[in-house]
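Notes for the one structure printed next.
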């Protein structure tokens, strides 16, 4: 079972710049009892691994996080800071639906408060994990001032870097840990900036020293044009549109499906034909049904294995679980915000950051669920080619239990190692769909084994 830092969240529990690691509190079994709606002591403990760290001139930005030590060997295993995409998706989303130590028990659900169960494929089995609610305004993170909510891609990356430095100062036993930074989806723009900030801090001699080893990105938003423009070649590859529709679009739009001349009626018509073919296709997992469930506050709270929004909100907003509420900070928790009105998306492409990072000796793992239209692997391969790094292990299948789990290609450049992998059958958040395969992937990669 994981060793967990038991830190109750709340405005009065902020960590100081140079504070010591907080003492672990004793957890009494009766404190976790909630009658028939209770979850096990083991699962309850996981929910106590949380706290706030303030950043800004007067710590006005309060970042909420969940922290779980490695179940194997926290003193030896790497430390990973995970940034969920969005922007505006809580770290709880990745923790409960993708790579964290528990999941919702779908089979046991019969109404009422959803229950949890251990995740046998949790990445916390091989790494200590910090799941942060970022940018400010996400999840339980908040600002004590109106101005503090104003942020952007670059500012958020800078704030998360400050968060990481403060976190390490208050958790000194991890100062010697190898550090990786990970994320998925929109974090494909943030993580390369954040890693760059860490390297610049090392060069400037800032304390604490961070032993950064590399970064991990899943189905990453990287370049707005390449990502979006690759969708039509992708849907043709997977037979969602006909050869005729694809050839017409390629011919009449000159391969540009984003910057459209609306006076070009042949191009507009070709794209409209394709759009109609995709109207009832789920963009994040093409094999799953397109659900009408889209509201952030739905009236129907029925459980659906993929439409888990209502159940998650009910769980974290439930007054019967007061330890999960950060009273006085955030009134209503949301898994993912539809918009952050005070957030400025000021980075259209992170390719230049990847290019620079490829010369630093760091390791990178980029993985893509191969059934995702929203950020297709086709576009990811295109921007990787633009880095002009050397292929040293050509495209080949990788296996789990004797079966093809996906395909991989490895690159190298100036002592840097760059691994790309598809996850066969997975969607946009690959570990949500193929948890066993994704765990095998990260376990091998952390251990420097080929996939």
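Residue numbers (UniProt numbering): 1 to 451.
Virtual Cβ for every residue (Gly too), placed ideally from N, Cα, C.
Per the DSSP calculation, residue i is bridged to which residue(s)?
i	result
residue 420	366, 409
residue 64	52
residue 403	400
residue 132	65, 83
residue 246	Answer is none; residue 246 lacks a bridge partner.
residue 118	102
residue 215	181, 364
residue 336	89
residue 344	152
residue 223	349
residue 143	61
Would you mind reading off the limits of the beta strand (DSSP E) that contains residue i?
i	result
residue 182	178 to 184
residue 393	390 to 400
residue 103	102 to 104
residue 282	Neither: residue 282 is in no beta strand (DSSP E) and is coded neither H nor E.
Taking C-alpha atoms, which residue in the options lies nearest to residue i?
i	options	result
residue 94	68, 75, 346	68
residue 188	221, 164, 172	221
residue 271	250, 288, 405, 282	250
residue 369	380, 359, 360	380
residue 417	290, 406, 364	364
residue 210	233, 172, 217, 237	172
residue 441	433, 432, 59, 451	451
residue 123	431, 159, 238	431
residue 284	433, 449, 448	433
residue 239	391, 281, 353, 252	281
residue 406	439, 203, 358	439
residue 415	436, 395, 429, 359	359
residue 65	391, 83, 422	83
residue 54	204, 143, 348	143
residue 232	275, 265, 383	275
residue 88	342, 264, 203	342
residue 229	258, 396, 348	258
residue 401	264, 335, 437, 394	437
residue 130	106, 90, 385, 120	90
Output the boundary residues of the alpha helix (DSSP H) element that contains residue i.
i	result
residue 189	187 to 203
residue 73	First-last for residue 73: undefined, no H or E at that position.
residue 166	153 to 170
residue 436	435 to 446
residue 382	377 to 386
residue 449	Per DSSP, residue 449 belongs to no alpha helix (DSSP H) and is neither H nor E.
residue 371	Here residue 371 belongs to no alpha helix (DSSP H), and DSSP marks it neither H nor E.
residue 233	231 to 237
Which residues in the same chain have their Cβ closer than 8 angstroms to the Cβ of residue i, if we skip the five residues on either side of it in sequence?
i	result
residue 85	183, 184, 185, 186, 187, 188, 221
residue 346	152, 153, 154
residue 17	Low confidence applies here, because residue 17 scores a pLDDT of 42, under 50, leaving its location unreliable and the question unanswered by this model.
residue 128	67, 68, 69, 70, 74, 77, 78, 79, 80, 174, 177
residue 145	60
residue 260	253, 267, 268, 271
What whole-angstrom Cβ distance do residue i and residue j have, given they're in contact under 8 angstroms?
i	j	result
residue 198	residue 212	5 angstroms
residue 92	residue 132	Between residue 132 and residue 92 the Cβ distance is about 11 angstroms, and since that is not below 8 angstroms, they are no contact.
residue 273	residue 245	5 angstroms
residue 118	residue 102	6 angstroms
residue 234	residue 376	4 angstroms
residue 63	residue 141	5 angstroms
residue 160	residue 206	Residue 160 to residue 206, Cβ: 15 angstroms. No contact.
residue 241	residue 277	5 angstroms
residue 392	residue 403	That belief does not hold up - the Cβ atoms of residue 392 and residue 403 are roughly 25 angstroms apart, past 8 angstroms.
residue 413	residue 390	6 angstroms
Under 7 angstroms Cβ to Cβ from residue i, same chain only, skipping five residues before and after it: list those, please.
i	result
residue 30	Only weak support is given to the placement of residue 30: the predicted model assigns it a pLDDT of 27, under 50, and the value that follows is read from those uncertain coordinates. So no residue of the chain qualifies.
residue 344	152
residue 148	56, 60, 61, 136
residue 227	221, 375, 379
residue 157	190, 193, 194, 197
residue 150	342
Excluding the 5 residues flanking residue i on each side, which residues of the same chain have their C-beta closer than 6 angstroms to its C-beta?
i	result
residue 350	189, 192, 222
residue 355	387
residue 236	246
residue 38	Note that residue 38 scores a pLDDT of 36, beneath 50, so its modelled location is shaky; the value from the coordinates is reported in the next line. If we look at residue 38 and ignore the five residues flanking it on each side, it has no Cβ neighbours.
residue 366	217, 420
residue 427	284, 285, 369, 371, 372, 433
residue 214	180, 362, 363, 364
residue 196	353
residue 445	365
residue 443	126
residue 99	123, 431
residue 398	405, 406, 408, 451
Taking 7 angstroms as the line, does the beta carbon of residue i fall inside it for any heavy atom of the ligand HEM?
i	result
residue 64	The ligand HEM is absent from the structure shown, which contains no ligand whatsoever.
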